[in-house]
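Per our numbering, the sequence shown runs over residues 96 to 267. Just so it is clear, CB atoms sit at the ideal spot from N, CA and C, and this is done for glycine as well. What follows is a set of notes on a single structure, which appears directly below.
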Amino acid sequence: MSQANVHSLDAMRAFRVHLLEFAGVAMDVTASLQQQTLSFFDWVEHDRPNFWKQYMLRSFDVIAQARSDLERCKMRTVGDHRPTCYEEKLALDAAKHRLEMAQEKVEAVARWCSFVRHEIDEFDGRRGSLQRYIESDFAKTIATLERMILAIEAYAEIESAAEEPVAPPPAD
């Protein structure tokens, strides 16, 4: 029969305490990760599409205003010549550019929603596996460690009792 190679029961007890602390921290972290991923997904799926759609609508208004300004400029005459309306043309081009950018962002956000949903599902699967391990298998690990500590304590008591010198019987 081989002997247990345990040098310190106190170290095993301390390890058990640290495992329990780790389980608590890991549960908190997994809950925090779940909340953060849901918050991020909500931002990508709801906040960003609404933002860029509103930006696009405002861009239409800005384009309409820029066109109106350009037409007004073209109708003015200073003396016998018409102004170049250079600034108004630049403003209209910039407004059109902002509209194009907003349309690209709306399309990009739609693509990102699908991608982010898939990635969060993958991440939640892994996070869920860790959480299930901590909730169920980790408890089994702690129980096994406790049984080992009790068994080693019982073994140590038997060993120490066997090492005690046997007192000679009292003389009559």
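*DSSP-derived helix/strand/coil call for histidine 176*: Indexing the sequence shown from 1 puts residue 176 at position 81. Correct three-state label for histidine 176: strand.
*Could you give the C-beta distance for isoleucine 244 and leucine 104, rounded to a whole number, given that I count them as a contact under 8 Å?*
Looking up residue 244 in the sequence shown gives position 149. Looking up residue 104 in the sequence shown gives position 9. Cβ-Cβ separation between isoleucine 244 and leucine 104: approximately 6 Å, consistent with a contact (criterion under 8 Å).
*Pick from Gln149, Glu166, Ile229 that is closest to threonine 179, judged by C-alpha positions*: Here residue 179 is taken as the residue at index 84 of the sequence shown, counted from 1. The alpha carbon of threonine 179 has as its nearest neighbour, out of Gln149, Glu166, Ile229, the alpha carbon of Glu166.
*Between which two residues does the alpha helix (DSSP H) carrying tryptophan 147 extend?*
Locating residue 147 in the sequence shown gives position 52, counting from the first residue. Boundaries of the alpha helix (DSSP H) around tryptophan 147: 143-170.
_Judging by CA-CA distance, which residue of Trp147, Phe218, Asp232 is the nearest neighbour of leucine 115?_
The count along the sequence shown starts at 1 and reaches residue 115 at position 20. Selected option, being the one with the closest Cα: Asp232.
*asked:* Taking the alpha-carbon of aspartate 164 as reference, which of Arg177, Ala186, Lys235, Glu248 has the nearest alpha-carbon?
replied: Within the sequence shown, residue 164 is the residue found at index 69, counting from 1. When only C-alpha atoms are compared, the closest one is Ala186.
*asked:* Between the alpha carbons of arginine 111 and serine 224, how many angstroms are there, rounded?
replied: To locate residue 111, count along the sequence shown from 1; it is residue 16. To locate residue 224, count along the sequence shown from 1; it is residue 129. Rounded to the nearest angstrom, the two C-alpha atoms are 22 Å apart.
*Would you say valine 201 and tryptophan 147 are within 8 Å of each other, going by their C-beta atoms?*
Residue mapping note: residue 201 aligns to position 106 of the sequence shown, counting from 1. Residue mapping note: residue 147 aligns to position 52 of the sequence shown, counting from 1. For valine 201 and tryptophan 147, yes; Cβs fall inside 8 Å.
*Which residues mark the beginning and the end of the alpha helix (DSSP H) in which isoleucine 215 is found?*
In the sequence shown, residue 215 corresponds to position 120, counting from 1. DSSP places isoleucine 215 inside the alpha helix (DSSP H), whose first and last residues are 181-227.
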